[in-house]
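No gaps in the numbering here: position 172 of the sequence shown is 1182 in my numbering, and each next residue is one more. Heads up, the thing below is written out as structure tokens.
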Amino acid sequence: ATVYVGNLDPACTENLLLELFVQVGRVKSVYMPKDKVTNAHNGYGFIEFLDIVDADYAITILNMIKLFGRPLKVSKSSLNNKAELSRDVGANLFVGNLDPQDVDENLLYDTFSAFGTLIKQPRIMRDEDTNESKGFGFVSFDSFEASDTALECMNGQYLGNRQIVVQYAFKKDTQGDGSETGRPAGGSQERHGSRAERMLAAQRKNLLQQQQPLRRPPTAVLPLGVNQPPPLAPPMMAGMGGMAMGRSMGPPYGAVAAPNMPPPPPPLGVAPPP
1011 ATVYVGNLDP ACTENLLLEL FVQVGRVKSV YMPKDKVTNA HNGYGFIEFL DIVDADYAIT
1071 ILNMIKLFGR PLKVSKSSLN NKAELSRDVG ANLFVGNLDP QDVDENLLYD TFSAFGTLIK
1131 QPRIMRDEDT NESKGFGFVS FDSFEASDTA LECMNGQYLG NRQIVVQYAF KKDTQGDGSE
1191 TGRPAGGSQE RHGSRAERML AAQRKNLLQQ QQPLRRPPTA VLPLGVNQPP PLAPPMMAGM
1251 GGMAMGRSMG PPYGAVAAPN MPPPPPPLGV APPP
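Shown next, in the form of structure tokens:
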């Protein structure tokens, strides 16, 4: 199981990553691609774990942990990112006017995850040289219901010391520089959250629900120590003269049994039995 580690500082080394990740799991190998000329790493690396459980735990614990002042981006390797892309329905929000000092990716995650499931970590755009926040970022939900609620509740609210702006981001394909942003480029104003995207998201949701296998309802099991109820008595059978199946029935509840009576006397001229 391999995880991806991004946004690494130039001072970071493979030994340092090894010392960091062995604290959360059993590491098999550490690899950081490097430039062939300068021998400097490219700002990312890969950590291979012996167990997928350790890899998932590393993602949960170390993602967005700051190393040399930079928040680490720890996620599954690119081979596993297809599942994440399949969940992207276009519910992507632009969050602007962020305080560069007080607002980071962790605060965005804690704030917006209250409205629904985020398909990936929030992304704050930063300067490549100084790593300082540019004052805006992006949040992606797995449904338009969640993104609509977040937009309605958070637009115009204060986060840190600034009143933030929340709106649907412009699509990447409509930007002149190929990047997703909150402002149109080249006069194009096609945002996420369009009617077509919502219809496609609803169709995909219905298709996924239809593909789910049917499950048998669970069998009721009494807790330990609770006795099963006694079986019902067999019904009375017609023509059995008050006899139930397999056993004789006594007098009904509340009735008094007749006392034992002596036998009647024999007829006249007949001697009684000895």
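Glycine included, every Cβ here is placed at the ideal spot set by N, Cα and C.
- Cβ-Cβ distance between tyrosine 1178 and leucine 1082 below 9 Å: By 1-based counting over the sequence shown, the position of residue 1178 is 168. By 1-based counting over the sequence shown, the position of residue 1082 is 72. Against a cut-off of 9 Å, the Cβ pair of leucine 1082 and tyrosine 1178 comes out as no contact.
- Roughly how many angstroms lie between the CA atoms of isoleucine 1069 and isoleucine 1062, to the nearest whole one? By one-based count along the sequence shown, residue 1069 stands at place 59. By one-based count along the sequence shown, residue 1062 stands at place 52. Approximately 11 Å between the Cα atoms of the pair.
- Cβ-based burial, cysteine 1022 [other Cβ within 10 Å; buried from 16]: Taking the first residue of the sequence shown as 1, we reach residue 1022 at position 12. With 16 or more Cβ atoms within 10 Å of its Cβ, cysteine 1022 is classed as buried.
- Count the other C-beta atoms from every protein chain shown that fall within 10 angstroms of the C-beta of valine 1047, then say buried if there are 16 or more, exposed otherwise. The residue you call residue 1047 lines up with position 37 of the sequence shown. Burial call: exposed.
- Message: Quick check: what's the CA-CA separation for tyrosine 1014 versus phenylalanine 1148?
- Response: Counting from one through the sequence shown, the residue named residue 1014 turns up at place 4. Counting from one through the sequence shown, the residue named residue 1148 turns up at place 138. Looking at the two C-alpha atoms, the distance is approximately 20 Å.
- Within the same chain, show all residues whose beta-carbon is closer than 6 Å to that of leucine 1026, passing over the 5 residues directly before and after it, in chain order. Numbered from 1 along the sequence shown, position 16 holds the residue referred to as residue 1026. For leucine 1026, where only same-chain residues beyond five positions count, there are no Cβ hits under 6 Å.
- Can you tell me whether DSSP reads isoleucine 1075 as helix, strand or coil? Start at 1 with the first residue of the sequence shown, and residue 1075 comes out as number 65. In the structure shown, isoleucine 1075 sits in coil (DSSP, three-state: anything other than H, G, I, E or B).
- Task: Would you grab the beta carbon distance between valine 1175 and glycine 1106 for me? Rounded to a whole angstrom, and I think it's under 8 Å.
- Result: Your numbering for residue 1175 matches position 165 in the sequence shown. Your numbering for residue 1106 matches position 96 in the sequence shown. Right, the Cβ-Cβ distance comes to about 4 Å (below 8 Å), so this counts as a contact.
- Residue range of the beta strand (DSSP E) that methionine 1042 falls in? Start at 1 with the first residue of the sequence shown, and residue 1042 comes out as number 32. Where methionine 1042 is concerned, there is no enclosing beta strand (DSSP E), given that its DSSP letter is neither H nor E.
- For alanine 1101, count neighbouring C-beta atoms within 10 Å of its own C-beta (all shown protein chains included) and say buried if the count is 16 or more, exposed if not. On the sequence shown, position 91 is the one that residue 1101 refers to. By the neighbour-count rule (16 or more Cβ atoms within 10 Å), alanine 1101 is buried.
- Answer with buried or exposed for glycine 1197, where buried requires no fewer than 16 other C-beta atoms within 10 angstroms of its C-beta. Against the sequence shown, residue 1197 aligns to sequence position 187. Because the pLDDT at glycine 1197 is just 48, under 50, the model does not fix this residue reliably, and the value given afterwards should be weighed accordingly. With fewer than 16 Cβ atoms within 10 Å of its Cβ, glycine 1197 is classed as exposed.
- Three-state class that DSSP yields for cysteine 1099 in the structure shown: Numbered from its first residue, the sequence shown carries residue 1099 at position 89. Inspection of the sequence shows that residue 1099 is occupied by valine rather than by cysteine. Here valine 1099 sits in coil by DSSP.
- Whose C-alpha, out of Leu1060, Leu1128, Leu1018, is nearest the C-alpha of tyrosine 1054? Along the sequence shown, one-based indexing puts residue 1054 at 44. Looking at the Cα atoms, Leu1018 is the closest of the given residues.
- Cβ atoms of aspartate 1152 and valine 1084: under 9 Å apart, would you say? Locating residue 1084 in the sequence shown gives position 74, where the first residue counts as 1. Locating residue 1152 in the sequence shown gives position 142, where the first residue counts as 1. Taking 9 Å as the Cβ cut-off, valine 1084 and aspartate 1152 do not qualify as a contacting pair.
- Would aspartate 1114 pass as a contact of isoleucine 1134 if the rule is Cβ separation under 9 Å? Translated into positions along the sequence shown, residue 1114 becomes position 104. Translated into positions along the sequence shown, residue 1134 becomes position 124. In contact: aspartate 1114 and isoleucine 1134 (Cβ atoms closer than 9 Å).
- Item | Minimum C-alpha distance to methionine 1042 - residue among His1051, Gly1035, Arg1036, Val1034 | Working through the sequence shown from its first residue, we reach residue 1042 at position 32. For methionine 1042, the nearest C-alpha among the options comes from His1051.
- Task: Could you check which residue in Leu1060, Leu1108, Asp1045 has the C-alpha nearest to that of glutamine 1167?
- Result: As a first step, residue 1167 must be located in the sequence shown, where it is residue number 157. When each option's Cα is compared against that of glutamine 1167, the closest is Leu1108.
- Query: Can you list, in chain order, the residues of its chain whose CB lies under 6 Å from that of alanine 1011, leaving out five sequence neighbours each side?
  - Reply: The residue given as residue 1011 occupies position 1 in the sequence shown. Cβ within range, chain order: Phe1059, Ile1062, Ala1065.
- Item | Opening and closing residue of the beta strand (DSSP E) in which threonine 1023 lies | Against the sequence shown, residue 1023 aligns to sequence position 13. Looking at the DSSP string, threonine 1023 is not in any beta strand (DSSP E), and its letter there is neither H nor E.
- Message: What does the Cβ neighbour count give for serine 1204, buried or exposed, with the cut at 16 atoms within 10 Å?
- Response: On the sequence shown, position 194 is the one that residue 1204 refers to. So serine 1204 counts as exposed.
- Item | Neighbour-count burial assignment, isoleucine 1071, 16 or more Cβ in a 10 Å radius | For the purposes of this step, residue 1071 is taken as the residue at position 61 of the sequence shown. With fewer than 16 other Cβ atoms from the protein chains shown falling within 10 Å of its own Cβ, isoleucine 1071 counts as exposed.
- Query: Should methionine 1209 go down as buried or exposed, given a rule of 16 or more other Cβ atoms within 10 Å for buried?
  - Reply: Translated into the one-based positions of the sequence shown, residue 1209 becomes position 199. Label assigned to methionine 1209: exposed.
- Item | Residue range of the unbroken beta strand (DSSP E) whose run includes phenylalanine 1146 | Locating residue 1146 in the sequence shown gives position 136, where the first residue counts as 1. Its beta strand (DSSP E) spans residues 1143–1150.
- Task: On a CA-only basis, which of Ile1057, Glu1024, Ala1212 is nearest lysine 1044? Give me that one, please.
- Result: On the sequence shown, residue 1044 is found 34 positions in, with the first residue counted as 1. Checking every option, the nearest Cα to that of lysine 1044 belongs to Glu1024.
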